[in-house]
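Worksheet: the structure to be examined is printed underneath.
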Amino acid sequence: MVTKVKVAVQKKKEGVPGWPHINFDYEKELSRVMEVVRSENPDMEFDISMYSSVDQARADYEHDKETYDGVLVLMMTNWLKIDEFYCRQAKDGLPVIVADVPFCGSGSILAQTSPLIREEKLPVALVGSKDYRTIGWNVRIFSALKKVRESTILVVKNKPDLQSEAAAQKLWGCRFVNLCSDDLMKYFHQIPDNDAQATAETWKREALKVMEPSDNDILESARLYHAIMKAKEEYSADAVTIDCLELGYNDSYCLNRHLYPCLSYYQMNNDGMIGVCEADINSTVMSMLVLYVTGRPGYVSDPVIDTSSDQITYAHCVACRKVFGKDDPRTCQYYIRSHAEDQLGASVQVIFPEGEPLTTVNLSHVGKWATIHSGISAGNAFGDAGCRSKLVASVNAKALLRNWAPQWHRVTVFGEYREVFENLFRMKGLEIREEDRG
Numbered sequence: 005m006v007t008k009v010k011v012a013v014q015k016k017k018e019g020v021p022g023w024p025h026i027n028f029d030y031e032k033e034l035s036r037v038m039e040v041v042r043s044e045n046p047d048m049e050f051d052i053s054m055y056s057s058v059d060q061a062r063a064d065y066e067h068d069k070e071t072y073d074g075v076l077v078l079m080m081t082n083w084l085k086i087d088e089f090y091c092r093q094a095k096d097g098l099p100v101i102v103a104d105v106p107f108c109g110s111g112s113i114l115a116q117t118s119p120l121i122r123e124e125k126l127p128v129a130l131v132g133s134k135d136y137r138t139i140g141w142n143v144r145i146f147s148a149l150k151k152v153r154e155s156t157i158l159v160v161k162n163k164p165d166l167q168s169e170a171a172a173q174k175l176w177g178c179r180f181v182n183l184c185s186d187d188l189m190k191y192f193h194q195i196p197d198n199d200a201q202a203t204a205e206t207w208k209r210e211a212l213k214v215m216e217p218s219d220n221d222i223l224e225s226a227r228l229y230h231a232i233m234k235a236k237e238e239y240s241a242d243a244v245t246i247d248c249l250e251l252g253y254n255d256s257y258c259l260n261r262h263l264y265p266c267l268s269y270y271q272m273n274n275d276g277m278i279g280v281c282e283a284d285i286n287s288t289v290m291s292m293l294v295l296y297v298t299g300r301p302g303y304v305s306d307p308v309i310d311t312s313s314d315q316i317t318y319a320h321c322v323a324c325r326k327v328f329g330k331d332d333p334r335t336c337q338y339y340i341r342s343h344a345e346d347q348l349g350a351s352v353q354v355i356f357p358e359g360e361p362l363t364t365v366n367l368s369h370v371g372k373w374a375t376i377h378s379g380i381s382a383g384n385a386f387g388d389a390g391c392r393s394k395l396v397a398s399v400n401a402k403a404l405l406r407n408w409a410p411q412w413h414r415v416t417v418f419g420e421y422r423e424v425f426e427n428l429f430r431m432k433g434l435e436i437r438e439e440d441r442g
């Protein structure tokens, strides 16, 4: 369903002096703001209400709760306290973003709104920018929250992590379907040889080179990809995560098959879908949020910090080549490799671009915290130690080493999205840990 957003505009009546100035042309400036917001969110619907008193907003609120997925409060004048009303109502469950239109509502947002949110710990996002694209980017949060709330996540794990699933469902509203390795193998054996062969040949043709894997390794990976897609379709799943290491190391697939889903996830993420390693519930939900907010895939990794170079390496045996989004013409080159840790099966080594801003995030549903740090891509690391794909980035390495939150996986996206994710985390009441600060 379409995400519907109410835009509540705080404005003064005619003839009343104050910022931005008496008899300001609200309609003209509002059209400028909304032109940009709509262009950044073409799949969303916006209804505008212009208010000069809190009573007007209060009278509409019960209807708002039944109708909208979020409220964008545009501060186009000061001191009317309409923003404060919506901020306090955010505890009621309707997400709220308050955005200052500079030189219009700046006094209120600084002197009243920001302190109110901080002191009362309200789950509200704040935006203040003369570049109205910033407002548009933050408005994507409403759509992301709705998509995750309505999502189904398929987990393949013989002993599912029910605590993490329950915590994620409570926070986001998503649903989980749990299968075991035997369930997945039933789909695996249903896949026609021709389908698997065609996919395997495409992967080999598009790769720079096939290194260690045999043709049969790649063929079985292709068959697994089609099995995952068949299960995904049957359960109407929006994301898939498989306990790949546990199932692979313990021969859970039988016949000594090393069915790593690395190439499956490579293909899914290239195509704008979500596949995540190791039945990691935290990283799966975070990857969904990354895709829904940015339109770009998240790269889940096991990071390695090097304070001597002030760099971090994000390492994993799966990545995708469409790091700027499935519709962007820019693509990365890749090799088909064995899975690094046991040097069996098939995985991918993606060669990432240099000089690009990076945003790295993750969260703990059980711990109720979220992490974030920024970097600039600096190329790739090579060698057989660790995982196959190794994205190197320039960061504040010493701070990261001191401040790292207690889980290894992180989710990296190409682009500068720090403000948006910080706002998203605040709206869900998560403690934010800025790992590269201090």
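Each residue of the sequence shown is one higher than the one before, counting from 5 in the working numbering.
Quick reminder that beta carbons are idealized off the backbone N, C-alpha and C, glycines included.
Please read all numbers here as calculations on a predicted model, not as lab measurements.
Should residue i and residue j be called a contact, given that it needs their Cβ atoms to be closer than 7 Å?
| i | j | result |
| --- | --- | --- |
| M292 | V152 | yes |
| I309 | L405 | yes |
| T375 | R334 | no |
| A401 | T288 | no |
| F146 | T7 | yes |
| C324 | Y270 | yes |
| I157 | F180 | yes |
| S351 | Y264 | yes |
| H377 | E439 | yes |
| A283 | V159 | yes |
| K326 | N286 | no |
| R392 | A344 | yes |
| V128 | I139 | no |
| M80 | Y136 | no |
| G329 | R300 | yes |
| E205 | R341 | no |
| M277 | L367 | no |
| V77 | V105 | no |
| A211 | Y339 | yes |
| K372 | N384 | no |
| D247 | K134 | no |
| D59 | K10 | no |
| L84 | Q14 | yes |
| W141 | V424 | yes |
Using DSSP bridges, identify the partner residues of residue i.
| i | result |
| --- | --- |
| E224 | Bridge partners of E224: none, in fact. |
| H369 | None; H369 has no bridge partner. |
| C281 | I246 |
| G252 | Bridge partners of G252: none, in fact. |
| E49 | K8 |
| I101 | L76 and A129 |
| D310 | Q315 |
| S393 | H320 |
| S378 | T363 |
Just confirm the distance between the C-beta atoms of residue i and residue j, as a whole number of angstroms; I'd bet it's less than 8 Å.
| i | j | result |
| --- | --- | --- |
| L149 | P99 | 6 Å |
| Q315 | S381 | 10 Å between Cβ atoms; not a contact. |
| D64 | S53 | 7 Å |
| L251 | S185 | 5 Å |
| R441 | A403 | 6 Å |
| C108 | W23 | 6 Å |
| Y55 | A94 | Actually they do not touch by this definition, with Cβ atoms about 17 Å apart. |
| A200 | L223 | 6 Å |
| A319 | G390 | 5 Å |
| F89 | R62 | 6 Å |
Exposed or buried, residue i, counting other C-beta atoms within 10 Å across all chains shown (16 or more means buried)?
| i | result |
| --- | --- |
| H25 | exposed |
| S112 | buried |
| V20 | exposed |
| K163 | exposed |
| N220 | exposed |
| P196 | exposed |
| N198 | exposed |
| D332 | exposed |
| D242 | buried |
| K213 | exposed |
| S225 | buried |
| Q167 | exposed |
| M48 | buried |
| N27 | exposed |
| P307 | buried |
| E169 | buried |
| G74 | buried |
| Q337 | exposed |
Could you check whether the Cβ of residue i sits closer than 7 Å to any Cβ belonging to chain C?
| i | result |
| --- | --- |
| C266 | Here chain C cannot be found, since the structure has a single protein chain. |
- Query: Quick check: the segment 105 to 121 against the segment 410 to 419, are there 3 or more CB pairs under 8 Å?
  - Reply: no
- Query: Any chance the segment 231 to 244 sits against the segment 190 to 204, with 3 or more Cβ pairs inside 8 Å?
  - Reply: yes
- Query: Are the segment 415 to 426 and the segment 352 to 372 touching by the rule of at least three beta carbon pairs closer than 8 Å?
  - Reply: yes
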